[in-house]
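With positions in the sequence shown counted from 1, the corresponding number in our numbering is that position plus 968. Here's the structure we're looking at; comments come further down.
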Amino acid sequence: MRVSHEIYNATVLEPLAATLGESPVWHSQRQACFWVDIESCRIYEYDWKNKRLKKHDLRQRVSLVVPSADGQLIIALQGGIARFNPDTSELTWITDMGLNWTDHRCNDGACDSKGRLWIGTMELDGRENDGDVYCLEKNGPLKKKIERVSISNGIAWSADNRFLYYTDSLTRQVVSYHFDEVSGNIAFDRIAVQVPQELGLPDGIALDEEGALWIALWGGYGVSRWDLSSGKMIGFVELPVPQASCCAFAGDKLDQLVITTARKGMSASDLALYPGSGHIFIVRPGVRGLPAFTCGF
969 MRVSHEIYNA TVLEPLAATL GESPVWHSQR QACFWVDIES CRIYEYDWKN
1019 KRLKKHDLRQ RVSLVVPSAD GQLIIALQGG IARFNPDTSE LTWITDMGLN
1069 WTDHRCNDGA CDSKGRLWIG TMELDGREND GDVYCLEKNG PLKKKIERVS
1119 ISNGIAWSAD NRFLYYTDSL TRQVVSYHFD EVSGNIAFDR IAVQVPQELG
1169 LPDGIALDEE GALWIALWGG YGVSRWDLSS GKMIGFVELP VPQASCCAFA
1219 GDKLDQLVIT TARKGMSASD LALYPGSGHI FIVRPGVRGL PAFTCGF
């Protein structure tokens, strides 16, 4: 029996043609939405009120931007974790994580309610079982939380902070972990979502205030909305491009979903069919998202 679901239609926010758009995040202090183009080593800042786009070019691949407590950014790069001032473009390294970055880089991540940064790593070509998920807190050691992952992607928390949701894309699963908010410890709970093959690979994720999970679908031509209690898809944002990479709620009311996409790995004929690949899309889904936590260092 086919489960019915709501269909949403997105529009283009910015026609960027990014190689690998990723990591959209709403920065409430700056009233701006940030995202990155990993392969172009670039951070974008979209001024929400004035609809102006600013770009910041870096020297390393940058995969993640999260707001910091002082209004700046904490970013993850091929090289470690750093603080970035979007007003001056000053970059200050925090840690190289003690890793060899020759053929690895950071990928997706997020901050939890206590300001800890959770970040996944991966081999540049996504070699299986060659990445890990780490947690870093202010004045604390770097801790490995999940081992031997392939393409580490979305991380998000339930509204009550009792559960952490995580996806390693090649598994096509979103895994639920019991989460101890005080210690940051996690323990396996269950497979919350199993994404069917025809929907592509699960990439970045976001939670809304109703407890539903939004999953960007790499190769799935859209973003899906899932009921976490049943594991069933209940909504779908249709996109005119195949590779959705991440999504985040943005705006004062967190009532708009910003979606990054990519053109990496697409042939000339593919790009002729899907010229909007790499653009940034936006949709009003009729529900608000949960706010992003700020980094505590």
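All C-beta atoms, glycine included, are put in the ideal place defined by N, C-alpha and C.
For a minimum of 3 consecutive residues, which ranges assigned as the beta strand (DSSP E) are wholly contained in the stretch 1068-1152?
1072-1079, 1085-1091, 1099-1104, 1111-1117, 1120-1125, 1131-1136, 1141-1147
Throw me the rounded Cβ distance for the P992 and T1228 pair, which I believe falls under 8 Å.
5 Å
Buried or exposed for E1096, going by 16 or more other Cβ atoms inside 10 Å?
exposed
Taking only the alpha-carbon atoms, compute the straight-line gap between F1052 and A1160 and give it to the nearest angstrom.
35 Å
Quick one: Cα of A1078 to Cα of D1128, how far?
16 Å
Can you give me the C-alpha to C-alpha distance between E1177 and L1222, rounded to a whole angstrom?
10 Å
Using only the alpha-carbon positions, how far apart do E1058 and E1013 sit?
15 Å
How far does the alpha helix (DSSP H) with D1238 in it extend, from its first residue to its last?
1236-1241
Do S1213 and G1172 have their CB atoms nearer than 9 Å?
yes
Nearest CA to the CA of R1193: which residue from P1208, L1225, P1210, A1218?
L1225
What span of residues does the beta strand (DSSP E) with S1031 cover, start to end?
1030-1035
Exposed or buried, what is N977 when buried is set at 16 or more other beta-carbons lying within 10 Å of its beta-carbon?
exposed
9 Å Cβ cutoff met for I1062 and L1026
no
Let me check one thing: in DSSP terms, what residues is N1053 bridge-paired to?
E1058
In the DSSP assignment, find the beta strand (DSSP E) that holds T979 and state where it starts and stops.
979-982
Q1040 - DSSP class collapsed to helix/strand/coil
coil
Classify T1070 as buried or exposed, calling it buried when 16 or more other Cβ atoms lie within 10 Å of its own Cβ.
exposed
Is the Cβ-Cβ distance between S1181 and Y1134 less than 9 Å?
Note on identity: in this sequence residue 1181 is Leu, with Ser being the wrong assignment. No, the Cβ-Cβ distance between L1181 and Y1134 is not below 9 Å.
Return the CA-CA distance between D1195 and W1086, expressed in angstroms with no decimal places.
24 Å
By DSSP, does Q1162 sit in helix, in strand, or in coil?
strand
To the nearest angstrom, how far is the alpha carbon of L1041 from that of V1163?
32 Å
Leaving out the 5 sequence neighbours to the left and right, which residues in its chain are closer than 6 Å to Q1046 when beta-carbon positions are compared?
Q1028, R1029, W1069, R1073
L1258 by DSSP, collapsed to three states: which one?
coil
Residue of G1254, S1237, G1233, F1217 minimising C-alpha distance to F1002:
F1217
Just to check my reading of the structure: E1007 and T987 have Cβ atoms closer than 8 Å, yes? What is that Cβ distance to the nearest angstrom?
4 Å
Buried or exposed: A940, going by 16 or more other Cβ atoms within 10 Å of its Cβ?
For residue 940 there is no data in the structure shown, the boundaries of the chain being 969 and 1265.
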